Structure formats: structure tokens, C-alpha cells
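For the sequence shown, the numbering used here begins at 1 and goes up steadily by one. Please read the structure below before turning to the comments.
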Amino acid sequence: MDEFDMGELGMGERYYHLTESAVDRVVTPERGNYALGFLRDDGFVPRWVGRSTNLRGRLKDHVDEGHPLFKFRYVGPERESFDIECANYHAFKKQLVNRVHPRRPKGQRWPCPLVGCRDW
Ligand SMILES: [Zn+2]
1 MDEFDMGELG MGERYYHLTE SAVDRVVTPE RGNYALGFLR DDGFVPRWVG RSTNLRGRLK
61 DHVDEGHPLF KFRYVGPERE SFDIECANYH AFKKQLVNRV HPRRPKGQRW PCPLVGCRDW
């Protein structure tokens, strides 16, 4: 796999070590979006994208899965968080470990924001 895209995650320039202590220091248990990845010469390379109602807890679940770094942003509204996850998923799909389209919360029928996405 050699075609890594740095692209735009909308999570700013900062990234952090994906360790329990780093997560505890920089992330609160709030809703938001995150990306896991590694560093190459020209920047952060996303390999996994996700969202959670508890970023701190979710990021700690990902420790020891082989991703050395993470980025994140807090996002209040669940719908906005879903839209961001969809955008990140489609933008980086070729290089992501994620194999399934972002899921909607139970009972929601929100369409994916990407025009032409067949996962409606
Ligand atoms: Zn989609």
C-alpha cells in the first residue's frame, strides 16, 4: 500500500500518541470524531476514522491496535458527527482499515452526505 493521502480530516494540525496516558491528558469524555494513523515525512496518515459519544473511552479502546497516533475534534450534534465521519470515510476509503460505512444511530435514517453514495 503506497498511495497514502494526507487529505483533510478537519481535525487540525495536532496529533498525539495513542497511549492511555496521552488520551487521559488531552481528551475529555465528550462526543466527537477521531482518526488513528501514523506519521510519514509529509504528515499524519489516517488509517481508521470514527466517532463516539465518549472520545476518551473510545480512543483508549483503540490503544494497542497498532496505530501509533490519533487526531480528534469535539462535535456536539450527533448528526454533524455522523456527517463528518461519512466525509472522512469516503475521503480516505482506499487507505482505511474501516471496512463498513459509518453506521447511523438506532432508529435514524440520515442519508450519507456524499452525493452518489449508495449507502443512501
Ligand atoms: Zn456514504
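Heads up, the beta-carbon is just placed ideally off N, CA and C, and yes, glycines get one too. The model shown is predicted, which means the values in this text are computed figures rather than measured ones.
Rounded to the nearest whole angstrom, the CA to CA distance from Arg58 to Arg51 is 8 Å. Pro46 is bridged by DSSP to Gly37.
Between ligand 1 and the CB of Asp119, the shortest heavy atom gap is smaller than 7 Å. Annotated three-state conformation of Gly57 is helix, per DSSP.
The beta carbon of Cys86 is closer than 8 Å to those of His101, Pro102, Cys112, Pro113, Leu114 and Cys117 in its chain, skipping five residues each way along the sequence. Arg31 places its beta carbon 8 Å or farther from that of Gly66.
Restricting attention to beta strand (DSSP E) runs no shorter than 3 residues, the segment 58-114 encloses them at 69-74, ordered along the chain.
Collapsing the DSSP output to three states places Arg51 in a strand. In the DSSP assignment, Asp24 falls within the unbroken alpha helix (DSSP H) covering Glu20 to Val26. A distance criterion of 7 Å places the beta-carbon of Leu114 in contact range of ligand 1, judged by its closest non-hydrogen atom.
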